[in-house]
């Protein structure tokens, strides 16, 4: 696809009708809770948009985010993301390798300086000079700082780039941090999740192309349209929570009846994401529909929040052993003090001089 | 930040609060028991045990000779305590917590029962506070600790009720506030009047036994 070809031309070449394209735009507008009229604005903007250059940097990550995107609703409309943008560097997806690949990145950065979108997945290790993750002999930190300078905006894809994710989990051996811990002077949008929902990244990019700015973000830098509500708020099992009906094991009667998974460790109440509405695998479902609780993957520190199977109301740390030790210490203190008291009493009794008749007479 | 705060109150915060509570309570209660009583040289005119147990039981009822003020206090006090126990021991989320700590659990009560118990408990506490402020004698008898312990007992009930219905704040905020309020209660309990949760029956037995020894039928 050439630089000057518009998305609409490209789509019609691929046999995607204008009707299908408009439906896609309407779906995007709905997902982002934009007014209905904005569907046509999105369509107009997208159909005329010149593809912005996108540089995608992968740091300490597992490629799950890329897997999620590329295997998303393919070959349906979410894959259009790759038609809306010009993905100039993505070392998993690009054909080039070695020096040619790095050359492509340098070229794109120079040609679109100040205009390109920088997508990052994976966290950035800072410990020991950042040696724990390097690409072409350069540390992730070095590469991120260089690429961020010319970026119009940065999209942190996945929980690792957004919050540090798994590499950041205790004891964080590589000193992994999020993009926003390093880059402070660029607009950053965090699309958290492990992996994030493909439609969310499509939505954010479409919003950027349509309005020329990033969507409204919450206090953690996530687009409010997708992270404004919790899984629990939108969960189809919510009525069972309100009635106090909980599955106790994964195969009891409650589980078979589709009762709430709170007691099996579901983190839905404290997790902000759109899984319950947008769903996964072409709308087939989301984890809770498959009978497993939410693990809270779109929230910071979700790896350190105790077991995935510990209910939210239960302690995230060992309380029983500490209580036993405290009880022993308390009892020991009480015994020691009582012994001192008793000794003191005996001492007083022994040292007491008997009052004699002589004493009363007063010499 | 919210998540990290929640993690702290569910983890280290809870460990600290529980340790302070258990250490403080075991120390105070054991020390109290070991203070003992001076051996009486008089001949016993009745049984200490019978008197002690009788008083433990009898003090659980509203005595007919109580004034309306006393009756109000006892009835409201009961409502609060029963509501507190029902919500604490029979809400399924709490049983999940206790199961995680104790290793065993028991069946929960339906949510409707819990809701009623919580509302009655909250209403009783508000009525008791109002009465304490309005009634001249009670007001005179109250000191800072009375208002402190009232607040510490009220907050877990209030935040817990708000949490179940997601009133006012987000779930994560309400859960953090609820757990934090319980931790404040745990930390303060051994060192304030809240220690009565363990000492009440010991104290009743003590006075009952003293009376029983003297042959007083009280």
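Chains as they are written, first to last, in the numbering used here: chain A, 3 to 365; chain B, 69 to 286. Glycine included, every Cβ here is placed at the ideal spot set by N, Cα and C.
Rounded Cβ spacing between residue i and residue j (contact assumed at less than 8 Å)
| i | j | result |
| --- | --- | --- |
| residue 125/A | residue 172/A | Residue 125/A to residue 172/A, Cβ: 14 Å. No contact. |
| residue 268/A | residue 196/A | The Cβ separation is near 16 Å, so there is no contact. |
| residue 195/B | residue 151/B | At roughly 12 Å, the Cβ-Cβ gap does not stay under 8 Å, so residue 195/B and residue 151/B are not in contact. |
| residue 57/A | residue 149/A | 6 Å |
| residue 85/B | residue 251/B | 4 Å |
| residue 261/B | residue 113/B | Actually they do not touch by this definition, with Cβ atoms about 33 Å apart. |
| residue 75/B | residue 306/A | 7 Å |
| residue 318/A | residue 79/B | 4 Å |
| residue 256/B | residue 223/B | At roughly 11 Å, the Cβ-Cβ gap does not stay under 8 Å, so residue 256/B and residue 223/B are not in contact. |
| residue 176/A | residue 241/A | Not confirmed; about 44 Å, so no contact. |
| residue 242/B | residue 230/B | 6 Å |
| residue 266/A | residue 288/A | Not really, about 16 Å apart at Cβ, beyond 8 Å. |
| residue 148/B | residue 193/B | 5 Å |
| residue 340/A | residue 102/B | 4 Å |
| residue 235/B | residue 100/B | Not really, about 40 Å apart at Cβ, beyond 8 Å. |
Local Cβ density within 10 Å of residue i, reported as buried at 16 or more and exposed below that
| i | result |
| --- | --- |
| residue 87/B | buried |
| residue 79/A | Bear in mind that the predicted position of residue 79/A carries a pLDDT of just 49, short of 50, making it unreliable; the figure below should be weighed with that in mind. By the neighbour-count rule (16 or more Cβ atoms within 10 Å), residue 79/A is buried. |
| residue 161/B | buried |
| residue 238/A | exposed |
| residue 226/B | buried |
| residue 243/A | buried |
| residue 66/B | Here chain B covers residues 69 to 286 and nothing more, so residue 66/B does not appear. |
| residue 156/A | buried |
| residue 116/B | buried |
| residue 247/A | buried |
| residue 202/A | buried |
| residue 210/A | buried |
| residue 265/B | exposed |
| residue 138/B | exposed |
| residue 147/A | exposed |
| residue 132/A | buried |
| residue 272/B | buried |
| residue 350/A | exposed |
| residue 278/A | buried |
| residue 3/A | Note that residue 3/A scores 41 on pLDDT, short of 50, meaning its location in the model is unreliable; the coordinates nonetheless yield the value given after this. Per the 10 Å Cβ criterion, exposed. |
| residue 115/A | exposed |
| residue 90/A | buried |
| residue 72/B | exposed |
Residue i and residue j closer than 7 Å at C-beta
| i | j | result |
| --- | --- | --- |
| residue 31/A | residue 47/A | no |
| residue 330/A | residue 83/B | no |
| residue 325/A | residue 90/B | yes |
| residue 271/A | residue 95/B | no |
| residue 276/B | residue 122/B | yes |
| residue 98/B | residue 333/A | yes |
| residue 276/A | residue 44/A | no |
| residue 55/A | residue 10/A | no |
In the segment 95-122 of chain B, which residues sit with their C-beta less than 7 Å from some C-beta in chain A, listed in chain order? 95, 98, 99, 102
If contact is defined by three or more beta carbon pairs under 8 Å, each pair taking one atom from either stretch, is the segment 105-113 of chain B in contact with the segment 340-348 of chain A? no
Taking three-plus beta-carbon pairs below 8 Å as touching, is the segment 97-112 of chain A in contact with the segment 162-181 of chain A? no
Please confirm if the segment 293-313 of chain A is in contact with the segment 187-204 of chain A, defined as three or more CB-CB distances below 8 Å between the two stretches. Cβ pair count under 8 Å is three or more, so yes.
Using a Cβ cut-off of 9 Å, which residues of the segment 287-313 of chain A contact any Cβ in chain B, in chain order? 298, 301, 302, 303, 304, 306, 307, 308, 312, 313
Hey, is the segment 110-127 of chain A in contact with the segment 143-158 of chain A, meaning 3+ C-beta pairs nearer than 8 Å? Three or more Cβ pairs drawn from the segment 110-127 of chain A and the segment 143-158 of chain A lie within less than 8 Å of each other, which places the two stretches in contact.
Near-chain A residues of the segment 228-247 of chain B (beta-carbon distance less than 7 Å), N- to C-terminal order: 239, 240, 243
Three or more beta-carbon pairs under 8 Å between the segment 167-185 of chain A and the segment 131-146 of chain A, yes or no? yes
When the Cβ atoms of the segment 256-266 of chain A are set against those of the segment 221-229 of chain A, are three or more pairs found closer than 8 Å? no
Taking Cβ-Cβ distances below 8 Å as the criterion, which residues of the segment 258-274 of chain B are in contact with chain A? none
Selection of the segment 203-231 of chain B by Cβ proximity to chain A, strictly under 7 Å: For the segment 203-231 of chain B, which is checked against every Cβ of chain A, not one residue is closer than 7 Å.
Taking one C-beta from the segment 205-214 of chain B and one from the segment 155-171 of chain B each time, how about it: are there three or more such pairs within less than 8 Å? no
Just by C-beta distance, which residues in the segment 223-241 of chain A are closer than 9 Å to chain B? Near chain B, meaning a CB-to-CB distance below 9 Å, the residues of the segment 223-241 of chain A are 232, 234, 235.
Using Cβ-Cβ distances below 9 Å, what residues of the segment 57-74 of chain A are close to chain B? none
With 8 Å as the limit, tell me which residues of the segment 262-277 of chain A have their beta carbon closer than that to any beta carbon of chain B; keep them in chain order. Listed by position along the chain: 264, 265, 271, 272.
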